[in-house]
Each structure stands twice: as structure tokens, then as C-alpha cells.
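Trainee: Supplied in C-alpha cells, the structure appears directly below.
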Amino acid sequence: MTFNMLIAILAAAISTGTPILFVALGEIIAEKSGVQNLGLEGMMLVGAVTGFIVGASSLNLFMAILAAALGGGVLALLHSYVTITLKANQVVSGLALTIFGTGLSGYLGKPYVGMPAPVKFDSVAIPFLSEIPVVGPVFFNHNVLVYFSYALVFLLWFFVYRTNFGLNLRATGENPGAADSLGVNVFALRYVYTIFGGMLAGVGGAYLSLASAPSWVENMSGGRGWIAIALVIFAIWNPARAIFGAYLFGGVEALGYRLQAIGVTASPFILNMMPYLLTIGVLILVTISSRTKHIGEPESLGIPYDREER
Amino acid sequence: MKNVKKYLVALIVLSMVFSMIGCSGADVPAEEPEDNEPSDEQPAEKIKVGMIYIGPPGDAGWTYAHDEGRKYLEAQIPNVEVIYVESVAESSDSERVMTELVEQGCEIVFATSFGYMDFMLNVANKYPDVAFYHCSGYKTTPNMSTYFGRIYQARYLTGLVAGSMTEANQIGYIAAHPIPEVIRGINAFTLGVREANPEATVNVVWTNTWYDPAKEKEAAKGSLDSGVDVIAQHQDTPGPQQAAEEVGAYAIGYNTDMSSFAPKANLTSAVWDWGPYYVSAVQAVLDGSFEEGQYWGGLADGIVDIAPFNESVPADVVASVEAKKAELIAGDFDVFDGPVKDQDGNVVVAEGETLSDGDLLSMMWFVEGVNGVIPE
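Here's what the structure looks like:
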């Protein structure tokens with residue numbers, strides 16, 4: 000394997016990992032507030048199709064991304080209403096929304112099948128930075144959504160761990176009763192962060208339809224919404240760790256194809272299992288180490304908050 | 000109990016969600032025949048035809064090609080009404096769907112994927128007066144026939160184009176699953192490549208998916224990174240075409256004309272044209288000439304073909320491909336005519352011999368010139 004190929008694999012790990020990074024970042028924030036959203040796959044698809052449609056009709060990529068975020072956000076609003084206000088089971092609602100989103104996106108996208116995206120995100124090399132050996136071609140020769148994701152990881156980490164808003168967010172997910180008694184509006188926060196998570200899932204979907212493979216193909220997310228859910232656990236609910244996980248998951252895929260291309264056989268079945276195997280491994284480690292100190296999943300994750308039962 | 004009430008409300012909301020899915024899935028597709036119907040003539044009686052699809056017609060690939068065939072059928076025989084059901088799982092669910100189609104009055108049923116075989120057989124035995132057609136299978140009864148196309152002939156022709164256009168003498172082939180149908184296609188393509196360019200090799204990359212544009216594109220990028228300058232594919236999305244377009248390489252498409260996704264890269268595509276077959280199959284039933292049989296048509300029938308060439312393909316290459324196509328249509332030549340060697344250089348098909356349909360349908364070995372392994 001040549002040096003150039005290694006660079007190509009690392010760069011591909013980033014471009015392949017970025018869509019699941021967006022989705023996982025959104026889900027981390029939603030789960031930090033205590034709401035689990037298994038509808039990510041459906042929200043990605045709705046984001047992918049609304050992003051493509053608005054991109055094709057407005058020829059404006061900014062509008063396209065905005066529409067994708069709105070598309071994902073509207074589904075997440077539905078999830079919020081059902082699980083936060085009506086206090087229904089989060090798993091059931093999430094699964095229903097995945098199925099609903101798949102059907103809805105297929106219906107909306109029908110007229111756009113077989114049409115190449117008229118506008119798409121192309122790679123933009125950042126001057127100077129992209130000329131640094133190794134680091135440049137790996138990190139600074141991507142489309143703008145990738146650069147946006149770098150900034151987002153830092154911003155979300157800072158928000159969650161270094162601001163008062165982040166403190167309230169974490170309190171809402173850990174102990175909503177205590178947060179409520181201190182004047183935190185648990186219901187409002189859960190709504191906001193769940194919708195925010197859905198919006199990022201929509202952006203992750205639009206990455207597929209406007210950057211990865213610029214076209215609309217039904218069901219094009221191909222299970223990435225589920226990989227993102229595994230990634231949330233892999234990252235132990237920390238936005239900063241999610242970026243490494245996303246690139247690791249992306250790198251496994253990128254590496255497998257390049258090994259095959261130069262004649263090294265790696266079973267595709269094993270490679271497809273890797274993200275989940277890694278996640279199970281991390282889960283075991285987290286569970287063991289959480290006996291001594293509290294890390295890992297928010298205490299009230301998946302439990303609807305009810306004032307009368309606190 | 001306040002909570003119980005809220006759960007009930009939630010249940011109602013969810014059931015509404017599910018019922019909406021039900022509507023978009025199975026009921027809507029029962030479309031009226033399209034505008035080609037002559038307005039002054041009202042056919043006395045509609046003939047109902049049922050079709051089940053493995054995927055959505057929006058896949059831009061396999062099911063899309065079948066759906067184009069359905070539209071052609073409705074345009075050609077105006078008093079035919081097709082009821083189609085998309086994304087039917089290859090399980091006992093398909094048996095239920097086919098039974099429902101017959102109960103709705105369908106006199107002819109088409110099933111467009113291999114895995115429906117045994118379920119269609121069960122339904123066919125229950126309804127001896129209905130004609131059943133199964134795509135790509137091998138089981139028949141007096142009222143059930145099979146149909147498929149020799150897409151490998153079209154792939155051979157696209158191989159001639161790829162072999163002529165490669166400068167690196169290395170071609171990448173993005174392949175879905177290691178089954179005889181895919182392997183047959185890789186072999187036919189490689190024989191075409193080597194006919195045009197004995198120096199060239201075909202490097203196979205397996206994706207283990209039929210249908211994932213981002214994955215397929217990533218696999219093609221990986222192949223391009225290793226030094227190939229033409230990409231071919233046995234995948235249902237145009238992802239590999241886009242990967243070639245981005246780096247200025249060439250690409251060969253599959254299923255439908257994929258040139259719109261990669262106007263510079265796409266040289267041609269191996270394509271399906273099911274329409275004329277669907278017309279003749281329905282006509283046979285209407286004429287009372289239905290017979291149990293196995294149809295495996297090739298270029299001569301027009302069920303498979305190649306898409307128009309890119310303008311970058313030189314005229315002499317176009318001429319030689321057209322000449323080979325004429326030979327294949329006339330039956331003067333077949334793709335697997337000997338001598339054919341396997342990957343290790345052993346002669347598998349001797350000079351003057353060719354492979355039987357049985358050999359082709361169970362093919363699990365690569366010809367000389369393929370770099371890659373068939374996963375166990």
C-alpha cells in the first residue's frame with residue numbers, strides 16, 4: 000500500500016464519516032435531555048429528500064440545507080409531542096417515525112428519481128491549510144459541510160460542558176425532577192433539544208443527497224441512522240468523542256474497499272459488522288467502569304417526565 | 000388514571016401514522032392507465048394484470064426498469080389495467096399479495112424477483128385458470144412460466160468499449176453479491192475487455208449491497224484510488240458513475256441509461272428493456288397461446304441492449320461493437336465460445352465448444368483477466 004493510498008483512506012474516512020457524525024451529534028444532544036429518538040433513519044431520509052427538492056428548485060445550497068434541517072425537525076417535533084406531551088413510549092414512537100419517514104420521503108421524491116442534483120457540495124481546498132503535508136489533504140480538502148461539522152463538534156462540546164445552558168440540559172436528562180424544582184422548564188428544553196437533534200439528522204441526510212452521491216434514490220440512507228445510534232453509545236454521549244467514532248466507522252468502510260481493490264480480501268460481512276462490534280466492546284467497557292464513577296447514559300434517558308410522579 | 004388516557008391518545012396517533020404508510024405503500028400505485036389511451040375508443044372490458052416489485056420504482060435501477068416495462072405494456076395494449084405492488088418482501092407475504100391480486104380479478108400475474116419463486120408456485124397451483132410469469136427463476140407448472148434476459152451479452156459489448164478506452168489497462172468492477180448472475184456478468188464483461196485489449200485486467204470490488212448509493216460510490220472511489228481508469232458496475236444506483244465523473248475517469252452503467260448522472264464519464268450502459276416482452280407475454284394469454292416454458296431472451300429479442308454511446312467513444316470502436324452486436328444477434332457467435340480460460344489459466348471451454356445454459360446459470364468461477372476472489 001502506497002503512502003498516497005493511506006492519505007486517500009484517511010480523507011475518505013472523514014467524508015464517509017461526516018453524515019453519521021451530524022446525525023450522532025444531534026442524537027447526543029437529544030439524549031442528553033432524556034429523549035431517545037429511534038426515528039433518525041426516517042428523519043435522515045426526509046432531510047435528504049427535502050434538501051434535494053429545495054436544492055433542485057431554488058438552486059441554492061444554503062436554502063437546501065435549511066429545508067433539510069426543517070424536514071428533519073418537523074418529524075422530531077412530532078416525536079416530541081408524542082413522547083414529551085403525551086408521554087408515550089419513546090421506542091415505539093421512534094420506530095413508527097422511521098417507517099413513516101421512509102414512506103413519506105419515497106412519496107415526495109418520486110418526481111426527482113433519475114435526476115442528477117443541479118447543485119451540489121463540491122470539495123473546496125482551504126488555501127495554505129490544505130498545503131500542509133498529510134494534514135492538508137486529509138482534513139482540509141473537503142466540502143463545506145465537513146468544515147461546518149468540525150466547528151459544530153467544538154461548539155456542541157463547549158455548549159454542553161462549559162455553559163449554564165449545557166448544565167440545564169444535562170440536569171434535564173439526569174434528574175428532571177430536581178431540574179424542575181430549580182425552575183428549569185423540563186418540557187420546553189426536551190422539545191428544543193429533540194427538535195435540534197432531528198434537524199441535524201436532516202442535515203446528515205442532505206449530506207448524502209447533495210454531497211456523497213448527489214441524487215435522490217429511495218431509501219438512500221441505507222441504515223446510517225442506526226449506525227449513528229450505535230455511534231452515540233460508542234461516543235459515551237460526548238460530542239468530542241463522536242468525531243473519532245464517526246471517522247473510525249467511516250474508515251473501516253473506506254479501508255475495506257481499498258484493500259479489495261489492491262487484491263487483499265477482507266470479508267464484507269465482517270467489515271459490515273465492525274461498527275456494531277466496536278460499539279458492543281465500548282458498551283462493555285463503559286458498563287464495567289461506570290461501577291466506580293458515573294459516566295455514560297443519562298439517568299432518565301427514555302423515561303417520560305411526569306410532574307405528578309416525581 | 001390520566002396516564003392511561005394519554006397512552007390511548009398516543010396509540011391513536013401512531014395508528015394514524017401507520018395507516019398513512021399503508022396508503023402510500025400498497026393502495027396508491029393502482030394507477031389508471033397513462034395518457035396513451037385513445038379517447039374515442041372505450042374498450043368493452045378491462046384485462047387486469049398484477050405485478051409485484053422487490054423495490055420501489057424510484058430506485059433508478061432494477062425495479063425502475065420493470066416499471067418502465069409496465070408503462071410500455073399499458074401504452075401498447077390499452078385495455079390492460081396493471082395493478083402493481085411495490086417493495087414486496089420475498090417471504091410468505093408475497094404469497095398473500097399475489098393471492099389478493101388474483102382475488103381482485105387479475106388474469107395474469109408477474110413476479111419480478113428470484114425469491115418469489117416458491118410462493119408463486121403455491122398460488123399458481125391454487126388458481127389453474129390464471130397465468131403466472133416469474134422473473135429469473137427455474138420452476139414452472141402448466142400455468143406458470145419463467146422469464147429472464149441474457150444481460151451478459153450486453154455486458155460483453157460494454158466490455159469491448161471499456162477495453163478500448165482504458166489507458167491504465169486496469170478496470171474496476173463494483174459488484175453486489177457473489178452469485179452466478181453477477182459472476183456471469185463479470186466474466187462476460189472481462190471477455191469483452193480482453194477481446195479489445197488483451198493486456199487489460201478487471202479488478203473486482205464487492206460491496207455486499209444491491210442498493211446503497213453512498214457505499215457504491217465509496218467502493219468505486221477506492222477502486223479508482225488503486226489506479227483503474229474505467230469503472231463498471233453490477234449495482235442498482237448510479238453512485239459508481241458519479242465517482243468516475245468526479246475524478247475524470249470513465250464508467251459503464253447498468254440497468255438503465257445512466258449517462259445523465261455522469262455526462263462525461265459514462266461511456267454506455269448495459270440496459271434492460273422489459274416492455275416488448277411484457278406485451279408479448281400478455282398477448283400470448285389473450286390469444287390463448289400461453290405455454291409452460293422458460294424464456295431467456297438476449298440481444299436478438301431486444302430484452303437487453305446497450306445505451307447510446309458517449310461522444311468520446313471513437314467511431315472505429317463504435318463500429319467494432321456494432322459488428323459484434325450483429326454477430327450476437329445473428330447467432331454466429333456467443334460470448335462464452337471457446338477457448339475460455341479460468342483465472343489460473345486452465346482451459347475450461349475448449350475451442351469449438353460453448354457453455355450450456357445450465358453451466359451459465361450455475362457459474363461460480365472467474366475467467367482469465369479477472370483480479371479478485373469469490374468470497375466463500
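In order, the protein sequences belong to chains A and B. Counting from 0, one number per residue, gives the positions in the first sequence under numbering that gives the first Met the number 0. Counting from 0, one number per residue, gives the positions in the second sequence under numbering that gives the first Met the number 0. From the three backbone atoms N, C-alpha and C, an ideal C-beta is built for every residue, glycine too. Only a predicted model underlies this, so the values are computations on that prediction, with no experimental measurement involved.
Among all the DSSP beta bridges, which residues are the ones paired with Pro115 (chain A)?
Mentor: In DSSP, Pro115 (chain A) forms a bridge with A:Ser214.
Trainee: Please classify Tyr86 (chain A) as buried or exposed, where buried requires at least 16 neighbouring CB atoms within 10 angstroms.
Mentor: The sequence given here has Lys at residue 86 (chain A), not Tyr. Per the 10 Å Cβ criterion, buried.
Trainee: Measuring straight from C-alpha to C-alpha, what distance separates Ala210 (chain A) and Gly182 (chain A)?
Mentor: If I take the Cα positions, the gap works out to 43 Å.
Trainee: Between B:Ser90, B:Pro56, B:Gly54, B:Leu100, which has its C-alpha nearest Gly114 (chain B)'s C-alpha?
Mentor: Gly114 (chain B) has its Cα closest to that of B:Ser90, out of B:Ser90, B:Pro56, B:Gly54, B:Leu100.
Trainee: I'd like to know whether the C-beta of Trp205 (chain B) is nearer than 8 Å to at least one C-beta of chain A.
Mentor: Yes, because at least one Cβ of chain A sits closer than 8 Å to the Cβ of Trp205 (chain B).
Trainee: Among all the DSSP beta bridges, which residues are the ones paired with Met50 (chain B)?
Mentor: Paired residues: B:Tyr83, B:Phe109.
Trainee: State the DSSP-derived secondary structure class of Asn328 (chain A), mapped to helix, strand or coil.
Mentor: Residue 328 (chain A) lies beyond the range of chain A shown here (0 to 309); nothing can be said about it.
Trainee: Is the segment 259-273 of chain B touching the segment 112-119 of chain A in the sense that three or more CB pairs, one from each, lie closer than 8 Å?
Mentor: Yes, since at least three Cβ pairs between the segment 112-119 of chain A and the segment 259-273 of chain B fall closer than 8 Å, the two stretches touch.
Trainee: Can you tell me the Cα-Cα spacing of Trp364 (chain B) and Asp336 (chain B), whole angstroms?
Mentor: Straight-line Cα distance between these residues: approximately 16 Å.
Trainee: According to a CB-to-CB cut-off of less than 9 Å, which residues of the segment 251-273 of chain A neighbour chain B?
Mentor: If the cut-off is 9 Å between Cβ atoms, the segment 251-273 of chain A has Glu252, Ala253, Leu254, Gly255, Tyr256, Arg257, Leu258, Gln259, Ala260, Ile261, Gly262, Thr264, Ser266, Pro267, Phe268, Leu270, Asn271 near chain B.
Trainee: Less than 8 Å between CB atoms is the rule here; does Pro175 (chain A) satisfy it with respect to chain B?
Mentor: Not one chain B Cβ lies under 8 Å of Pro175 (chain A).
Trainee: Around the C-beta of Pro314 (chain A), are 16 or more other C-beta atoms found within 10 angstroms, so that it is buried, or is it exposed?
Mentor: Outside the displayed span of chain A (0 to 309) sits residue 314 (chain A), for which this structure offers no information.
Trainee: Of all the residues that make up the segment 256-279 of chain B, which are near chain A by a beta-carbon distance shorter than 7 Å?
Mentor: Answer in chain order: Ser259, Phe260.
Trainee: Quick check: Gly197 (chain A) and Gly54 (chain A), are their CB atoms within less than 8 Å of each other?
Mentor: For Gly197 (chain A) and Gly54 (chain A), no; Cβs fall outside 8 Å.
Trainee: Please work out which residues of its chain come closer than 7 Å, Cβ to Cβ, to Val145 (chain A), disregarding the five sequence neighbours upstream and downstream, and give them in chain order.
Mentor: These residues qualify, in order along the chain: Ile13, Ser14, Thr17.
Trainee: Hey, how far is the Cα of Tyr160 (chain A) from the Cα of Leu277 (chain A)?
Mentor: If I take the Cα positions, the gap works out to 26 Å.
Trainee: For Ile98 (chain A) and Leu37 (chain A), what's the separation of their Cα atoms in angstroms?
Mentor: Rounded to whole angstroms, Ile98 (chain A) to Leu37 (chain A) spans 10 Å at the Cα level.
Trainee: Report, in whole angstroms, the separation of the C-beta atoms of Asp228 (chain B) and Glu166 (chain B), which I expect to be a contact under 8 Å.
Mentor: Right, their Cβ atoms sit about 6 Å apart.
Trainee: List the residues of chain B whose Cβ lies closer than 7 Å to the Cβ of Ser214 (chain A), in chain order.
Mentor: In chain order: Pro212, Pro237, Phe260.
Trainee: May I ask you to verify whether the segment 258-275 of chain A touches the segment 228-237 of chain B, counting CB pairs closer than 8 Å and requiring at least 3?
Mentor: No, because fewer than three Cβ pairs between the segment 258-275 of chain A and the segment 228-237 of chain B fall closer than 8 Å, the two stretches do not touch.
Trainee: Quick one: measure Cβ to Cβ for Trp273 (chain B) and Ile305 (chain B), integer angstroms, because I've assumed they're closer than 8 Å.
Mentor: Incorrect: roughly 16 Å between the Cβ atoms, too far for contact.
Trainee: Taking 8 Å as the threshold (C-beta atoms), are Pro55 (chain B) and Ser86 (chain B) in contact?
Mentor: Yes, they are a contact pair.
Trainee: Do you know offhand how far Lys220 (chain B)'s Cα is from Val320 (chain B)'s?
Mentor: Cα-Cα distance, rounded: 28 Å.
Trainee: Could you tell me the boundaries of the beta strand (DSSP E) in which Thr267 (chain B) lies?
Mentor: From DSSP, the beta strand (DSSP E) with Thr267 (chain B) extends over 265-271.
Trainee: Which residues, in chain order, does the segment 100-119 of chain A contribute to contact with chain B at a C-beta distance below 9 Å?
Mentor: Answer set for the segment 100-119 of chain A: Thr101, Gly102, Leu103, Gly105, Tyr106, Gly108, Lys109, Tyr111, Val112, Gly113, Met114, Pro115.
Trainee: Excluding sequence positions up to five away, which residues of its chain have a Cβ less than 6 Å from the Cβ of Ile125 (chain A)?
Mentor: Closer than 6 Å at Cβ, skipping near neighbours: Phe139.
Trainee: Since Tyr169 (chain A) contacts Lys31 (chain A) with CB under 8 Å, what's their CB separation in whole angstroms?
Mentor: Sequence inspection shows Arg at residue 169 (chain A); the Tyr mentioned does not correspond to that position. Going by Cβ atoms, the distance from Arg169 (chain A) to Lys31 (chain A) rounds to 6 Å, so yes, they are a contact pair.
Trainee: If I measure Cβ to Cβ from Ser220 (chain A) and keep anything under 8 Å in the same chain, skipping five residues before and after, which residues do I get?
Mentor: So the list reads Glu40, Met43, Leu44, Ala47, Gly204, Leu207, once near-sequence residues are dropped.
Trainee: Could you check whether the Cβ of Glu217 (chain B) sits closer than 8 Å to any Cβ belonging to chain A?
Mentor: With 8 Å as the cut-off, Glu217 (chain B) counts as an interface residue toward chain A.
Trainee: So which residues of chain B does Gly221 (chain A) contact, with C-beta pairs closer than 9 Å?
Mentor: Those within 9 Å of Gly221 (chain A) in chain B are Thr208, Tyr210, Asp211, Pro212, Ala213, Lys214.
Trainee: Please determine, among A:Leu94, A:Ile27, A:Tyr149, A:Pro303, the residue with the shortest C-alpha to C-alpha distance to Asn174 (chain A).
Mentor: Comparing Cα positions, the closest option is A:Pro303.
Trainee: I want to see whether chain B comes within less than 8 Å of Ser211 (chain A), judged by CB atoms only; does it?
Mentor: Chain B contact via Cβ: present.
Trainee: Identify the contact partners of Asn202 (chain B) in chain A, using a Cβ-Cβ distance below 8 Å as the criterion.
Mentor: Going along chain A in sequence order, the residues near Asn202 (chain B) (Cβ under 8 Å) are Ala260, Gly262.
Trainee: Any C-beta of chain A sitting closer than 8 Å to the C-beta of Ser311 (chain B)?
Mentor: No, no contact with chain A.
Trainee: Leaving out five residues before and five after Leu285 (chain B) in sequence, what residues of the same chain have Cβ atoms less than 6 Å from its Cβ?
Mentor: For Leu285 (chain B), where only same-chain residues beyond five positions count, there are no Cβ hits under 6 Å.
Trainee: Around the Cβ of Asp315 (chain B), are there at least 16 other Cβ atoms within 10 angstroms (buried) or fewer (exposed)?
Mentor: Exposed, since its Cβ has fewer than 16 Cβ neighbours within 10 Å.
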